Amino acid sequence: MGWWNHWSVLFKNDEGHNVTVNGDQYGAMITNFFSPELNNHHVQELWFQQDGATCHTARATIDLLKDTFGDRLISRFGPVNWPPRSCDLTPLDYFLWGYVKSLVYADKSQTVDHLEDNIRRVIADIRPQMLEKVIENWTSRLDYIRASRGSHMPEIIFKL
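Under the working numbering, the first residue of the sequence shown carries the number 126, and numbering increases by one thereafter.
Quick look at the structure:
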């Protein structure tokens, strides 16, 4: 499929034009890339979290993910509702986007192609050890949020 390759973080068609991912395309990504990668892991111990993007919440997508993760799916319209605007609970929000932007924009790309290359490079350079720290931080956040019974925590700064 020309619009997705698991080494890419950008979505393009065969002609190289940007595309918006729909539910069918997202389902194909799950089936053709993500699910085969899960064969190397104990799926019964994994949770899957996604935001409320339209392609993520299509009925077929939710059904596909529920077949794999059962009640361990955190998603809008999933068994566990995705916490919108909860940046304390979403690693992509509290870590990934800011980290990637800080490195990508430090290079001051002059062309879209150079910007896209920088995005690919920064994503590819993220190592498993860094992701392990992000998840450790996430579990600490969950413990603190549980202890505070979900109340607002403006004074807390979490470090990676």
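Beta carbons: idealized from backbone N, C-alpha and C, even for Gly.
Since the structure is predicted, the reported quantities are computational estimates derived from the model, not experimental observations.
Note on residue 181: 16 or more other CB atoms within 10 angstroms of its CB, so buried under the neighbour-count rule. For residue 166, no alpha helix (DSSP H) encloses it, and the DSSP letter there is neither H nor E.
With respect to the 7 Å criterion, residue 247 and residue 217 are not classified as neighbours on the basis of their beta carbons. With fewer than three CB-CB distances shorter than 8 Å, the stretch 230-249 does not count as touching the stretch 167-186. Boundaries of the alpha helix (DSSP H) harbouring residue 243: 237-249, taken from the DSSP string.
In the three-state reduction of the DSSP assignment, residue 175 falls in the coil class, being assigned neither a helical nor a strand state. Between the alpha carbons of residue 219 and residue 265 lies a distance of about 13 Å. In terms of Cα proximity to residue 169, the closest of 138, 215, 194, 158 is 194. No Cβ-Cβ contact shorter than 7 Å links residue 155 with residue 198. Residue 199 is bridged by DSSP to 174, 205.
Taking 7 Å as the cut-off, the beta carbon of residue 141 is found no closer than this to the beta carbon of residue 183. Cα atoms of residue 242 and residue 249: separation of roughly 10 Å, rounded to the nearest angstrom.
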